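Protein chains in written order, with my numbering: chain A, 872 to 1057; chain B, 87 to 246.
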């Protein structure tokens, strides 16, 4: 067995290119989480959200986590999803939807959360729509899911806010974590 | 104020074969870990992560993928490791593994993986059902077969 120790001399890959902007860790249940990203376009090209999420329904299955931009709840979104549930693979698509998908949540009590890494591409460009892509999933006592998904917001406005909630509108519970990172252009 | 992040913690390219690779004394100061690996074994092997020397058969996973002609999905709740990528006999494979909230003491540990092997592309989520902070992580395979020379394992910390 080869044993590797932790290297004391830590070397940042590229200092300042990938920044933690804000991290929200819920201390109690709440319906949604919103990030104000107004003005970040002068610094960052892309955004990434790293998420651990759980919602309050006690059914021990899983729910979806949705995302909206700039408080737009009209039918200006689309999405595609590839989902594996442990026995089959299912493909989903939606057009003119009122949100796209950020990740998943687990539902029920205990310490099981779902995880997601959500990339938001070119959110501050005013010549293109905002594109999302994420890898998300979790295993819970009555349901498992691994999902690769993409979406877009068909609006060329710069993103100023990012809103997240569970698709079933159930509260996100304490311990749910939403960390926003910015990626700079070269 | 933004905080610089994404720190390279350790990188090793094997100059001799090894049955496993261990990252020890992992500090608790980061939010997530990312493992980028390009492993190679003599035979097809299922790779996994074992945390804090826990070899109990209580890790769960669900995976899905495609091989160009068909899709597949399967799962288990009784693995002795958090399943990640798979190797194909003699070929270098690759994967990016996100170990989420590894130091949190209120959550089980989720491991999200995208990888390729055996003429497939796949995605996996695994869970270590422990609220202990991860301090050691062993990269292993399901037959204790050696990782071959040239296999690379790079560990990064994502700032909290």
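The C-beta atom is built at its ideal place from N, Cα and C for all residues, glycine as well. Keep in mind it's a predicted model, so treat the numbers as computed, not measured.
**Q.** Bounding residues of the beta strand (DSSP E) (the contiguous stretch that carries residue 208 of chain B)
**A.** According to the DSSP assignment, residue 208 of chain B belongs to the beta strand (DSSP E) that extends over 206-214.
Q) Using a C-beta cutoff of 7 angstroms, does residue 1017 of chain A count as contacting chain B? A) Yes, because at least one Cβ of chain B sits closer than 7 angstroms to the Cβ of residue 1017 of chain A.
Q: Starting from the C-beta of residue 139 of chain B, find all residues in its chain whose C-beta is less than 7 angstroms away, skip the five residues before and the five after it, and write them out in chain order.
A: For residue 139 of chain B, where only same-chain residues beyond five positions count, the Cβ hits under 7 angstroms are 222.
Q: Give a single yes or no on whether residue 191 of chain B has its beta carbon closer than 6 angstroms to a heavy atom of the ligand ADP.
A: Although the ligand ADP was asked about, the structure shown includes no ligands whatsoever.
Q | 6 angstroms Cβ shell around residue 871 of chain A - same chain, five flanking residues per side excluded | A | Residue 871 of chain A cannot be examined here, being either before or after the span of chain A that is shown, 872 to 1057.
**Q.** Min CB distance residue 187 of chain B to chain A below 7 angstroms
**A.** Contact of residue 187 of chain B with chain A is assigned, a C-beta pair being separated by under 7 angstroms.
**Q.** residue 939 of chain A to residue 1033 of chain A span [Cα, whole Å]
**A.** Cα-Cα distance, rounded: 6 angstroms.
(Q) If you measure between the beta carbons of residue 902 of chain A and residue 1042 of chain A, is that distance less than 7 angstroms? (A) Against a cut-off of 7 angstroms, the Cβ pair of residue 1042 of chain A and residue 902 of chain A comes out as a contact.
Q. Does the beta carbon of residue 164 of chain B sit closer than 7 angstroms to a beta carbon anywhere in chain A?
A. Look at residue 164 of chain B: its C-beta is not under 7 angstroms from any C-beta on chain A.
Q: Quick one: list the residues of chain B neighbouring residue 956 of chain A, beta-carbon separation under 9 angstroms, in chain order.
A: What residue 956 of chain A touches in chain B, judged by beta-carbon distance under 9 angstroms, is 148, 150, 159, 161, going in chain order.
Q) For residue 873 of chain A, which three-state DSSP category applies? A) Residue confidence is low: residue 873 of chain A scores 42 on pLDDT, short of 50, so the model does not pin down where it sits. Its coordinate-derived value is still stated next. Here residue 873 of chain A sits in strand by DSSP.
Q: Can you have a look at residue 1022 of chain A and say buried or exposed, based on whether 16 or more other CB atoms are within 10 angstroms of its CB?
A: Within 10 angstroms of the beta-carbon of residue 1022 of chain A lie 16 or more other beta-carbons, which makes it buried.
Q.
Taking 7 angstroms as the threshold (beta carbon to beta carbon), is residue 938 of chain A in contact with chain B?
A. The C-beta of residue 938 of chain A comes no closer than 7 angstroms to any C-beta of chain B.
**Q.** Under 7 angstroms between C-beta atoms of residue 168 of chain B and residue 135 of chain B
**A.** Yes, Cβ-Cβ distance for residue 168 of chain B and residue 135 of chain B is below 7 angstroms.
Q. How many Å lie between residue 186 of chain B and residue 198 of chain B at the Cα?
A. Residue 186 of chain B and residue 198 of chain B: Cα-Cα distance of roughly 8 angstroms.
Q) Which value, in whole angstroms, describes the spacing of the CA atoms of residue 970 of chain A and residue 1025 of chain A? A) So the two alpha carbons sit approximately 11 angstroms from each other.
Q. Short check: CB of residue 1008 of chain A to CB of residue 122 of chain B, under 7 angstroms?
A. No. Outside cutoff.
Q: With distances taken Cα to Cα, identify the nearest neighbour of residue 890 of chain A among A:960, A:919, A:907, A:948.
A: When each option's Cα is compared against that of residue 890 of chain A, the closest is A:919.
Q) Roughly how many whole angstroms lie between the Cα atoms of residue 954 of chain A and residue 176 of chain B? A) Looking at the two C-alpha atoms, the distance is approximately 30 angstroms.
Q) Mind checking if residue 1046 of chain A is an interface residue toward chain B, Cβ cutoff 7 angstroms exclusive? A) Contacts with chain B at 7 angstroms (Cβ-Cβ) include residue 1046 of chain A.
Q | Own chain, CB closer than 7 angstroms to residue 104 of chain B, minus 5 neighbours either side, in chain order | A | Once the five neighbours on either side are set aside, the close Cβ partners of residue 104 of chain B are 232, 233.
Q) Can you find a C-beta in chain B that's less than 7 angstroms from the C-beta of residue 972 of chain A? A) By this cut-off, residue 972 of chain A is not an interface position.
Q) Is it true that the segment 923-933 of chain A meets the segment 969-988 of chain A, where meeting means three or more beta-carbon pairs spaced less than 8 angstroms apart? A) Yes, since at least three Cβ pairs between the segment 923-933 of chain A and the segment 969-988 of chain A fall closer than 8 angstroms, the two stretches touch.
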